[in-house]
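Enquirer: The structure that follows is given in the form of structure tokens.
If you want it as structure tokens, here you go:
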């Protein structure tokens, strides 16, 4: 069966309606109104986010979003894309998703994009790695820092003159761009703690037995002075009524060594990467935190 | 209060004459960010005059120009015109050596958003290059000499910025520091790699030319205890490098703090009397640094 695969204009009211109806069926979530735009549309220095659709006659039956990220690499922007909301209508399973993704790769390569990355769910992970040749990269590492200035210090590496902090040859998430995206969706829910360093994130809740506990999930951070990082977190803890601060970083993050005592987690979805105009490898450093993810 | 008491007792026994083995040549750099505020401007003018009376030297006022969005916003709030601002800088130049102080942004409209500020760990060359170019043009158009001197915040220095500055004529820099309070990933690694000691001037070769780097020792010493200076500086020093040259820094807004002016002048007087410290102006500082520089290093 031949499908019409093409980029979609999410500002076109008919297309917007098609996507919304389709996503509501597939994900059983409310994507009506501006939800999709608020969640995924970034104004990049290069190109905005890309939305691909597969039509069977006039019916949208496959969809994928590519969030445009102006990652920073050695002081330059490397426009790269996060694949998300990958979805095919239950009645149209088959090669449709592969075709849609291959078409997207062509378009993004022509845009000069660095690479495509993402954190697919367990169900679509194999399609990405086997069918679409994405490289399976490392998992994240997690730190749960108790919200007590008395004990939180034990979770930070003691900084001394012998230590170094480097961002050379690392792809940095663009916190300026991310914060704009998240704030347009969540408003004041996104908190920014700013002194010599900057940490941003949001307060989430988790049910533990009968209790619902609040914790601060760090979306990103700009560390200028690692020596004073624990002070920044102490400020965060003082300013918010939370039980702990959760820091999740990609395994290769060049600032992972600022923290101590990681805890194992079985819930991580691994980062997957497909190179377009930039060559990455298993040794490439991605300074990614939770905030870069579409689901954050 | 308790802190002061502890210091008062402690300094009777500790850190006494701890710098006496060192020859000190010092300059003073003001990060000049808010002279759109008349009270800050007047305080700074007053300080510079008093400083000159005491030391016979001029401090360095590294200036954020009115093209910087944060200054522009301040000028709007304080109803200060571009000409009035330039006039204040001209007056300041009579008592201080003017330099350039940078705060850079991803997007100038978003300067209030903390993530919009460019630091060492989110450096974006194109944005910095554009802003430096515009601000240097402002100095030229107002006929204000920036003396080719750059004093940044500690949060942003790297080989790219040095090259951009050098390309725009800046050949003296005051950003490097051994103090962990002024930690910067790039400058820290560079000084470590080349065994640069506190107070040791050095030259960095950029692809656009050489930059003389004079270290920034510590922040303002505006406390009532001049011995704070001894304690803080001595923790950075290397006993094998005793002829030290560098600057201390403060913000123009610090002058609004109670006692800052008197305490600072008192501290400078103390350094002169106790340690025979040479407190010098920009020309002397740079000349001395260039004379003593033994290390010429690649910036990248």
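Protein chains in written order, with the working numbering: chain A, 1 to 296; chain B, 297 to 596. Even for Gly, the Cβ is constructed at its ideal location relative to N, Cα and C. None of these values were measured; they are calculated from a predicted model.
Under DSSP, the alpha helix (DSSP H) around residue 601(B) begins and ends at which residues?
Expert: Residue numbering for chain B in the displayed model covers 297 to 596; residue 601(B) lies beyond these limits and cannot be assessed.
Enquirer: Does residue 446(B) have its Cβ less than 9 Å from a Cβ in chain A?
Expert: So no, residue 446(B) is outside the interface.
Enquirer: On the CB-based measure, 16 or more other CB atoms within 10 Å of its CB, does residue 11(A) come out buried or exposed?
Expert: Exposed, by the Cβ-count rule.
Enquirer: CB residue 367(B) to CB residue 406(B), shorter than 9 Å?
Expert: Cβ atoms of residue 367(B) and residue 406(B): not closer than 9 Å.
Enquirer: Would you call the CB atoms of residue 596(B) and residue 519(B) closer than 9 Å?
Expert: No.
Enquirer: Helix, strand or coil: which one does DSSP assign to residue 365(B)?
Expert: Helix, per DSSP.
Enquirer: Taking only the alpha-carbon atoms, compute the straight-line gap between residue 190(A) and residue 251(A) and give it to the nearest angstrom.
Expert: Going from the Cα of residue 190(A) to the Cα of residue 251(A) covers about 24 Å.
Enquirer: Taking Cβ-Cβ distances shorter than 8 Å, what residues in chain B pair up with residue 227(A)?
Expert: Those within 8 Å of residue 227(A) in chain B are 476, 477 and 479.
Enquirer: What did DSSP end up calling residue 504(B) once you bin it into helix, strand or coil?
Expert: Reduced to three states, the DSSP call for residue 504(B) is coil.
Enquirer: Please work out which residues of its chain come closer than 7 Å, Cβ to Cβ, to residue 351(B), disregarding the five sequence neighbours upstream and downstream, and give them in chain order.
Expert: For residue 351(B), where only same-chain residues beyond five positions count, the Cβ hits under 7 Å are 564 and 575.
Enquirer: Name, in chain order, the residues that DSSP records as bridge partners for residue 244(A).
Expert: Paired residue(s): 146(A) and 215(A).
Enquirer: Residues in the same chain with beta-carbon distance under 6 Å from residue 53(A), minus the five sequence neighbours each way, listed in chain order, please.
Expert: Excluding sequence neighbours, residue 53(A) sits near 8, 60 and 63.
Enquirer: Taking its Cβ as the centre, do 16 or more other Cβ atoms sit within 10 Å of residue 281(B), making it buried, or is it exposed?
Expert: Past the boundaries of the shown model lies residue 281(B); chain B is included only from 297 to 596, so the question cannot be answered.
Enquirer: Excluding five sequence neighbours on each side, which residues of the same chain lie with their C-beta closer than 8 Å to the C-beta of residue 482(B)?
Expert: For residue 482(B), where only same-chain residues beyond five positions count, the Cβ hits under 8 Å are 416, 453, 454 and 455.
Enquirer: Would you say residue 273(B) reaches chain A, if we count a Cβ-Cβ gap shorter than 9 Å as a contact?
Expert: Any property of residue 273(B) remains undetermined from this structure, which presents chain B solely from 297 to 596.
Enquirer: Taking a contact to mean a Cβ-Cβ separation below 9 Å, would you say residue 497(B) touches residue 348(B) in this structure?
Expert: No; because the gap between Cβ atoms is not below 9 Å, this pair is not in contact.
Enquirer: Considering residue 206(A), what are the terminal residues of the beta strand (DSSP E) in which it resides?
Expert: First-last of the beta strand (DSSP E) with residue 206(A): 198 to 208.
Enquirer: Using DSSP bridges, identify the partner residues of residue 221(A).
Expert: Looking at the DSSP assignment, residue 221(A) forms a beta bridge with 199(A).
Enquirer: Given the structure, does residue 3(A) come close to the ligand FMN, in the sense that its CB is under 8 Å from one of the ligand's heavy atoms?
Expert: Summarising the ligand content, the structure contains no ligands, and the ligand FMN is consequently not present.
Enquirer: Should the stretch 262 to 278 of chain A be regarded as contacting the stretch 474 to 492 of chain B, the criterion being three or more beta carbon pairs within less than 8 Å?
Expert: Touching, no.
Enquirer: Buried or exposed: where does residue 79(A) fall if 16 or more other Cβ atoms within 10 Å of its Cβ makes it buried?
Expert: Its Cβ being crowded by 16 or more others within 10 Å, residue 79(A) is buried.
Enquirer: By the DSSP assignment, the beta strand (DSSP E) with residue 235(A) in it spans what residues?
Expert: First-last for residue 235(A): 229 to 239, but that is the alpha helix (DSSP H), not the beta strand (DSSP E).
Enquirer: Enumerate in chain order the residues of its own chain whose CB-to-CB distance from residue 72(A) is below 7 Å, with the five nearest sequence positions on each side excluded.
Expert: Counting only Cβ-Cβ distances below 7 Å, and skipping sequence neighbours, we find 172 and 174.
Enquirer: Given this structure, state the Cα-to-Cα distance separating residue 522(B) from residue 388(B), to the nearest angstrom.
Expert: Rounded to whole angstroms, residue 522(B) to residue 388(B) spans 27 Å at the Cα level.
Enquirer: Using only the alpha-carbon positions, how far apart do residue 299(B) and residue 308(B) sit?
Expert: Roughly 14 Å between the two C-alpha positions.
Enquirer: Based on Cα-Cα distance, which residue from 114(A), 229(A), 141(A) and 132(A) lies nearest to residue 120(A)?
Expert: It is 132(A) whose Cα lies nearest to the Cα of residue 120(A).
Enquirer: Is residue 79(A) close to chain B, meaning its C-beta is less than 9 Å from at least one C-beta of that chain?
Expert: Judged by the 9 Å Cβ criterion, residue 79(A) is not in contact with chain B.
Enquirer: Could you tell me if residue 176(A) is buried or exposed, where buried requires 16 or more neighbouring beta carbons within 10 angstroms of its beta carbon?
Expert: Buried: at least 16 other Cβ atoms inside 10 Å.
Enquirer: Does residue 275(A) come within less than 9 Å of chain B when only Cβ atoms are used?
Expert: Not closer than 9 Å to any Cβ of chain B, the Cβ of residue 275(A) fails to qualify, so no.
Enquirer: Alpha carbon to alpha carbon, how far is residue 410(B) from residue 92(A)?
Expert: Each residue's Cα considered, the two are about 46 Å apart.
Enquirer: Determine which residues share a DSSP beta bridge with residue 7(A) and list them.
Expert: 52(A), per the DSSP bridge assignment.
Enquirer: Does the beta-carbon distance from residue 139(A) to residue 254(A) come in below 9 Å?
Expert: No, the pair does not count as a contact, with Cβ atoms beyond the cut-off.
Enquirer: Determine the DSSP secondary structure at residue 549(B), reduced to helix, strand or coil.
Expert: Residue state, collapsed to three classes: helix.
Enquirer: Could you tell me the distance, in whole angstroms, from the CA atom of residue 221(A) to the CA atom of residue 186(A)?
Expert: Each residue's Cα considered, the two are about 18 Å apart.
Enquirer: Is residue 434(B) helix, strand or coil by DSSP?
Expert: Reduced to three states, the DSSP call for residue 434(B) is helix.
Enquirer: At 4 residues or longer, what runs of the alpha helix (DSSP H) sit wholly inside the stretch 75 to 107 of chain A?
Expert: DSSP runs (the alpha helix (DSSP H)) wholly in the stretch 75 to 107 of chain A: none.
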